[in-house]
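Heads up, the thing below is written out as C-alpha cells.
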Amino acid sequence: MGVFMKVFNSSSCSTSLMLRFVLLLVLSLRTKGVVKLPPNISIPALIAFGDSIVDPGNNNNIKSLVKCNFPPYGKDFEGGIPTGRFCNGKIPSDLLAEELGIKELLPAYLDPNLKASDLVTGVCFSSGASGYDPLTPKIA
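Going by mature numbering (1 follows the signal peptide of the UniProt record, and there is no 0), the letters in the sequence shown line up with residues -33 to -1, 1 to 107, in that order.
The structure is reproduced here in C-alpha cells:
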C-alpha cells in the first residue's frame, strides 16, 4: 500500500498526466468536424430547437430578461452587430446549415424581417433560458 502511494504521489506521475492532457488538448484542437453526405443526397431544410446555445435572436422579440442584443455580443459577427446570438459570431445551427449548403445563417423564427423563403429552407425556434417549466424564464 505504501509503495503504491509513493508511486502515485511522485512528480513523474503528475508530469506524465500533464503530458497526456496537453497531447489530448492539441489533438482535439486539430480535429475538424465535417458533415459528409453521400453524393446523391441533399438536405433541403434545417429546423432547430433548443436553448441559448442555438438561439439566433428569438429572445429579442419576446418578453424576457435574458437577451444578448447588445455589445460585446456579435463583435466577431458580420459588421460586429449584436444579433441576439449568445456568442460573438456564428452558433452551431448556423455552422451546420452552412456546412450542409442550405444557407449561411439559420434565422430566428420570431425575426420581424423573416421571409417566406426562410420558412422553406429552415428556421430556428430556440430561445435562451427556455425550459419545460413555465417558471424557468421567470427565475433566470
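By construction, the Cβ of each residue, glycine as well, lies at the ideal position given by its N, Cα and C atoms.
For clarity, every value in this text was computed on a predicted model and none was experimentally measured.
- Asn27 and Ile14 have their C-alpha atoms spaced approximately 19 Å apart.
- The residue from Met(-16), Leu4, Asp78 with its alpha-carbon nearest to that of Ser93 is Asp78.
- Per DSSP, reduced to three states, the secondary structure at Ala83 is helical.
- Per the coordinates, the alpha-carbon of Ser(-6) lies some 11 Å from the alpha-carbon of Phe(-13).
- Judged by DSSP in its simplified three-state form, Ala96 adopts coil rather than helix or strand.
- Counted as a single uninterrupted DSSP element, the alpha helix (DSSP H) harbouring Ala64 occupies residues 59 to 66.
- A residue is called buried when at least 16 other Cβ atoms come within 10 angstroms of its Cβ; Tyr99 does not meet this threshold and is exposed.
- Pairing Leu4 with Val90, the inter-Cα distance amounts to about 21 Å.
- Leaving aside the five residues that flank Lys57 on each side, the residues in its chain whose CB is nearer than 8 Å to its CB run, in chain order, Phe44, Glu65, Leu72.
- With fewer than 16 other beta carbons inside 10 angstroms of its own, Gly68 counts as exposed.
- Residues Ala64, Thr88 of the same chain have their beta carbon placed closer than 7 Å to that of Lys70, with the five preceding and five following residues left out of the count.
- Of the other Cβ atoms in all chains shown, fewer than 16 fall within 10 Å of the Cβ of Pro101; this residue is therefore exposed.
- Residues of the same chain with a CB within less than 6 Å of the CB of Lys42, apart from the 5 flanking positions on each side, are Asn55 in chain order.
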